[in-house]
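Taking this note's numbering, the leading residue of the first sequence gets 133, the next gets one more, and so forth.
No residue lacks a Cβ here, since even glycine has one placed at the ideal position from N, Cα and C.
Given the structure is predicted, the values throughout are model-derived calculations rather than measurements.
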Amino acid sequence: MLIARVVVDVPLAHLDRPFDYAVPPELADDVRPGCRVRVRFAGQLVDGFVLELGDTTEHQGRLAPLAKVVSSEPVLTPEVAALARAVADRWGGTFSDVLRLAIPPRRASAEKRPPAEAPEPPPAPDPAGFARYPAGPALLTALAEGRPARAVWTALPGEDWPARLAELCQAALSGGRGALVVVPDGRDLDRLEAAAARALPKGSFVVLRADAAPDARYRRFLDVARGTATVVLGTRAAVYAPVADLGLVAIWDDGDDLHAEPRGPYAHARDVLVHRAHLAGCAAVVAATARTAEAALLLESGWAHELVGNRSALRAASPRVHALGADSELARDPAARTARLPSLAHRVAREALAAGAPVLVQVPRSGYAPGLSCERCRAPARCAVCAGPLGISATPGPGGSRVPACRWCARPAATFDCPHCHGTKLRASVLGASRTAEELGRAFPGAAVRVSGRTSGVLASVPAGPALVVATPGAEPVAEGGYGAALLLDSWALLGRADLRAGEETLRRWMNAAALVRPASAGGQVVVAADAAHPVVQALVRWDPGWLAERELADRRELGFPPATRIASLSGSPEALADFLAALRLPADADLLGPVPEQPRPGQEGVRERYLVRTPRGEGATLAHALAEVQGVRSAKKVPEHVRVQLDPTELV
DNA sequence: TAAAATGCATGT
DNA sequence: CATGCATTTTAC
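Here is the structure:
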């Protein structure tokens, strides 16, 4: 008798295992490993995937028959199934949670198309693009020969990274292997797609983006599953794409928090990618302009080699970076930043504009005055009704009025009474891009001012020519011919954060902006509004992201934070947490930290708190298993209140 | 949402 | 303490 091992699509943790079903003779021709089926499960008809076919079962009782083969298309490949299982285990989630991210919803119409012919592999790429990196040509050769080379690539400032990543894919493809590249957002994906169109044969690659129409999304997924397209370019969910004969996985800007999956089991694209390279025995490239502590650990542990520019190439490519003194007015008072732009920043901007070049101005937040605080005691101003933060939006209200309002519940705050000191006046604690643009317009009359940010719309690029381009981090447009200068005005907001990653994240944002500036030899200058003695500022001035990443890693080791340790965050109501912890069998050397009250999220009710569980890195698997076990017991008992479990969450205070 | 297991009142 | 019926639990 033919038996199908089926993974059913139910979110219950205690049912996270395959179930055997008998294949009725009339379905035997259609059923295939990896295909979608419907089965009767606890009375209900549920969706599932066939993991494998066999002729034996461990199950004692009578096997139920498969109800239906939804489609014969093998969408769950053995390699992806193994990856999904590993990810679920590593992050304490369930297999079906991961599959929901990995396999897009089916669209029957897309399956009707006959599979296209796979294009011929291209020739190996010209290594000239990597000539400035001593280890570059060897990496290309390794990829073309199908060897599992692993690198942390730190791109030189001004690098045409989409072209380089396309060349890495071309190398893998020339050796007959597939490749997978993950980037943070749609704008980066557009650039990568354009570069791939130049370097790779037509039809050999597909672009997977989460915001694509369901039909197009499934069609492209099928191109990959059927093996017609062997290179996948995409955003974070693409780490699970079923690329045939995977030879290379790569990620761009792994420090960008868009790579952190906000849906369970909350796995980070870089970490999934590293797991995948391990399972598939393929090459891996963790690439960025800056460097994360996680990437530093990959180097330190010997898992990856460093791919960095040589000294002279770095000198030739870097802009000149100026920092301000510690006592500068600008460094201390955000409100003084633009209204009284320090003479240095003013001069640098004026010079660039006079030379006919655009100037990039990086500000921390979009909007007009997104953050407000009490004028007297400087405590952050909160909504009297829901305790959400007050702000002034970028778009003026009726009659051009700018009234403070709650950023969660949108209630206008006509009056303000500070709960700490009973002050009644508000001041801007954070200035937004719109406000900065307004003030710069006054400081440089005659210069065109353009804004790129979430609220006002993100620009992909700006033309050469004098203009002030105000952008929030991550929304900096690429300038044709490079920017003449960049002013980094968001220093205090970034460095002042209590966040564990504040230093690393600040350098990442600064470098991503500064990398768009022309080299110093072409007049490119960067002014950073922060104390020159600060290590993050030093790393920028010397353009040494590796040094800062090593320091960050050492700090985390000292403080006992990831990636040096493994930390699980447990959040929920106090009662649910108490219940959860009572059932949790902590690994022997685990610490339990907390509880700390959690900021209520918009639309969330009741008191929530959070515990952290810390274990040594080597105990991570034990911890994840123990957490999954408790989730299983709770789901079997049908405990109504959910406890959110996140392993190595990005935000750790 | 189907079968099996369990709970519970009822009648001898 | 068997029987019938309702409710809860299981999960192939």
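Inset, instruction - Flag this pair as touching only if the segment 242 to 259 and the segment 380 to 399 have three or more C-beta atom pairs under 8 Å; answer yes or no. - result: At 8 Å Cβ cutoff, the stretches do not touch.
Legend entry - Supposed close pair Ala664, Ala455 - CB separation, criterion 8 Å: Within the first sequence, numbered from 1, the residue matching residue 664 stands at position 532. Within the first sequence, numbered from 1, the residue matching residue 455 stands at position 323. Yes, Ala664 and Ala455 are in contact; Cβ-Cβ is about 4 Å, under 8 Å.
Legend entry - 8 Å Cβ shell around Phe712 - same chain, five flanking residues per side excluded: Against the first sequence, residue 712 aligns to sequence position 580. Excluding residues within five positions, the ones whose Cβ falls inside 8 Å are Leu702, Gly704, Val762, Arg766 and Val775.
Legend entry - Own chain partners of Pro727 with C-beta closer than 8 Å, once the 5 adjacent residues on each side are dropped: Taking the first residue of the first sequence as 1, we reach residue 727 at position 595. Residues Pro706, Leu709, Glu741, Arg742 and Tyr743 of the same chain have their beta carbon placed closer than 8 Å to that of Pro727, with the five preceding and five following residues left out of the count.
Legend entry - Straight-line Cα distance separating Val315 from Leu388: Along the first sequence, one-based indexing puts residue 388 at 256. Along the first sequence, one-based indexing puts residue 315 at 183. Per the sequence shown, residue 388 should be read as Asp rather than Leu. Rounded to whole angstroms, Asp388 to Val315 spans 9 Å at the Cα level.
Inset, instruction - State the Cα-Cα distance for the pair Arg482 and Leu476, rounded to the nearest angstrom. - result: Against the first sequence, residue 482 aligns to sequence position 350. Against the first sequence, residue 476 aligns to sequence position 344. Separation of Arg482 and Leu476 (C-alpha to C-alpha, rounded to the nearest whole angstrom) is 10 Å.
Inset, instruction - Figure out for me which residue from Val142, Glu612, Leu522 and Gln657 has the closest Cα to the Cα of Phe151. - result: Here residue 151 corresponds to residue number 19 of the first sequence, with the count starting at 1. When the alpha-carbon of Phe151 is set against those of Val142, Glu612, Leu522 and Gln657, the nearest one is in Val142.
Inset, instruction - Per DSSP, which residues does His437 bridge with? Please list them. - result: Mapped onto the first sequence, residue 437 falls at position 305. In DSSP, His437 forms a bridge with Ala283.
Legend entry - Alpha carbon of Pro530 to alpha carbon of Ala546, nearest angstrom: Along the first sequence, read from residue 1 onward, the residue named residue 530 stands at position 398. Along the first sequence, read from residue 1 onward, the residue named residue 546 stands at position 414. Because Pro530 carries a pLDDT of 47, less than 50, the predicted location of this residue cannot be relied on, and the following value inherits that uncertainty. Pro530 and Ala546: Cα-Cα distance of roughly 14 Å.
Inset, instruction - Over the uninterrupted alpha helix (DSSP H) stretch that includes Trp384, give me the two end residues. - result: Locating residue 384 in the first sequence gives position 252, where the first residue counts as 1. Per DSSP, Trp384 is not a residue of any alpha helix (DSSP H); the beta strand (DSSP E) it occupies stretches across Leu378 to Trp384.
Legend entry - Spatially closest choice to Ala484 from Asp179, Pro394, Leu724 and Pro651, by CA coordinates: Taking the first residue of the first sequence as 1, we reach residue 484 at position 352. With distances taken between CA atoms, Ala484 lies nearest to Pro651 out of Asp179, Pro394, Leu724 and Pro651.
Inset, instruction - Measuring alpha carbon to alpha carbon, tell me which of Trp293, Pro236 and Asp780 ends up nearest Tyr372. - result: Locating residue 372 in the first sequence gives position 240, counting from the first residue. Taking Tyr372 as reference, the option from Trp293, Pro236 and Asp780 with the minimal CA-CA separation is Pro236.
Inset, instruction - Can you tell me which of Leu627, Gly307 and Lys769 puts its alpha carbon nearest to the alpha carbon of Gly379? - result: As a working mapping, residue 379 is identified with position 247 in the first sequence. Taking Gly379 as reference, the option from Leu627, Gly307 and Lys769 with the minimal CA-CA separation is Gly307.
Legend entry - Straight-line gap, Phe353 to Leu600 (C-alpha atoms, nearest Å): Counting from one through the first sequence, the residue named residue 353 turns up at place 221. Counting from one through the first sequence, the residue named residue 600 turns up at place 468. One alpha carbon belongs to Phe353, the other to Leu600, and they sit about 41 Å apart.
Legend entry - For Arg464, three-class secondary structure by DSSP: As a position in the first sequence, residue 464 is number 332, starting the count at 1. Residue confidence is low: Arg464 scores 49 on pLDDT, short of 50, so the model does not pin down where it sits. Its coordinate-derived value is still stated next. Arg464: helix per DSSP, three-state reduction.
Legend entry - Ordered list of alpha helix (DSSP H) runs contained in the segment 230 to 285, each at least 4 residues: Counting only runs of 4+ residues, the alpha helix (DSSP H) found wholly inside the segment 230 to 285 occupies 240 to 244 and 268 to 276, in chain order.
Legend entry - Spatial distance of Pro544 from Ser505 (CA atoms): As a working note, residue 544 is residue 412 in the first sequence. As a working note, residue 505 is residue 373 in the first sequence. Going from the Cα of Pro544 to the Cα of Ser505 covers about 15 Å.
Inset, instruction - Please report how far the alpha carbon of Glu773 lies from the alpha carbon of Ala342, in whole angstroms. - result: If you number the first sequence from 1, residue 773 lands on position 641. If you number the first sequence from 1, residue 342 lands on position 210. The straight-line gap from Cα to Cα measures roughly 30 Å.
Legend entry - Bridge-paired residues (DSSP) for Asp711: Residue 711 sits at position 579 when you count from the first residue of the first sequence. Asp711 pairs with nothing; no bridge assigned.
Inset, instruction - Specify the secondary structure class of Glu636 as computed by DSSP and reduced to three states. - result: The sequence position of residue 636 within the first sequence is 504, counting from 1. In this structure, Glu636 counts as helix in the three-state DSSP scheme.
Legend entry - Leu725 burial status per 10 Å Cβ neighbour count (16 or more: buried): By one-based count along the first sequence, residue 725 stands at place 593. With fewer than 16 other CB atoms across the displayed protein chains lying within 10 angstroms of its CB, Leu725 is exposed.
Legend entry - Of the residues Ala617, Pro598, Ser593 and Leu619, the one placed nearest Ala607, counting alpha carbons only: Against the first sequence, residue 607 aligns to sequence position 475. When only C-alpha atoms are compared, the closest one is Ser593.
Legend entry - Asp403 - DSSP class collapsed to helix/strand/coil: As a position in the first sequence, residue 403 is number 271, starting the count at 1. The answer is helix: DSSP assigns Asp403 an H, G or I state.
Inset, instruction - Measure the C-alpha to C-alpha separation of Thr362 and Pro247 and round it to an integer number of angstroms. - result: To locate residue 362, count along the first sequence from 1; it is residue 230. To locate residue 247, count along the first sequence from 1; it is residue 115. In this structure, the straight-line span from the alpha carbon of Thr362 to that of Pro247 is close to 13 Å.
Inset, instruction - Check whether the Cβ atoms of Val745 and Pro729 sit closer than 9 Å, and answer yes or no. - result: Your numbering for residue 745 matches position 613 in the first sequence. Your numbering for residue 729 matches position 597 in the first sequence. No; because the gap between Cβ atoms is not below 9 Å, this pair is not in contact.
Inset, instruction - From the DSSP output, read off the bridge partner residues of Asp631. - result: What you label residue 631 is simply residue 499 of the first sequence in a count that begins at 1. The partner list for Asp631 (beta bridge, DSSP) is empty, contrary to what the question assumes.
Inset, instruction - Confirm, please, whether the CB-CB distance from Leu198 to Val169 is below 9 Å. - result: Here residue 169 is taken as the residue at index 37 of the first sequence, counted from 1. Here residue 198 is taken as the residue at index 66 of the first sequence, counted from 1. In this structure, Val169 lies near Leu198, with their beta-carbon atoms less than 9 Å apart.
Legend entry - Boundaries of the alpha helix (DSSP H) in which Ser444 is found, first to last residue: Numbered from 1 along the first sequence, position 312 holds the residue referred to as residue 444. That run of the alpha helix (DSSP H) goes Arg443 to Ala449.
Legend entry - Between the CA atoms of Asp162 and Ser204 - distance to the nearest angstrom: The residue labelled residue 204 in the question sits at position 72 within the first sequence. The residue labelled residue 162 in the question sits at position 30 within the first sequence. Whole-angstrom Cα-Cα distance: 6 Å.
Inset, instruction - Take every Cβ of the segment 631 to 648, pair it with every Cβ of the segment 441 to 448, and state whether three or more of those distances are shorter than 8 Å. - result: Verdict: no, contact absent.
Inset, instruction - Would you decide whether Ala471 is buried or exposed? Buried here means 16 or more other CB atoms lie within 10 Å of its CB. - result: As a first step, residue 471 is located in the first sequence; it is residue number 339 there, counting from the start. Caution is warranted here: a pLDDT of 43 is assigned to Ala471, below 50, making its placement in the model unreliable, and the coordinate value is therefore given only provisionally. Exposed: under 16 other Cβ atoms inside 10 Å.
Inset, instruction - Output the boundary residues of the alpha helix (DSSP H) element that contains Phe181. - result: As a first step, residue 181 is located in the first sequence; it is residue number 49 there, counting from the start. According to the DSSP assignment, Phe181 belongs to no alpha helix (DSSP H) but to the beta strand (DSSP E) extending over Gln176 to Gly186.
Legend entry - Beta-carbon spacing of Val493, Thr587 below 9 Å: Here the question's residue 493 lines up with position 361 in the first sequence. Here the question's residue 587 lines up with position 455 in the first sequence. Contact: no.
Inset, instruction - Could you check what DSSP says for Ala537 in three-state terms: helix, strand or coil? - result: For the purposes of this step, residue 537 is taken as the residue at position 405 of the first sequence. Under the three-state reduction of DSSP output, Ala537 falls in the strand class.
Inset, instruction - Can you say whether Thr556 is buried or exposed, counting buried as having 16 or more other CB atoms within 10 angstroms of its CB? - result: Here residue 556 refers to the residue found at position 424 of the first sequence. With fewer than 16 Cβ atoms within 10 Å of its Cβ, Thr556 is classed as exposed.
Inset, instruction - To the nearest angstrom, report how far apart Cys515 and Arg508 are at their CA atoms. - result: For the purposes of this step, residue 515 is taken as residue 383 along the first sequence, with counting starting at 1. For the purposes of this step, residue 508 is taken as residue 376 along the first sequence, with counting starting at 1. Between the C-alpha atoms of Cys515 and Arg508 there is a straight-line separation of about 17 Å.
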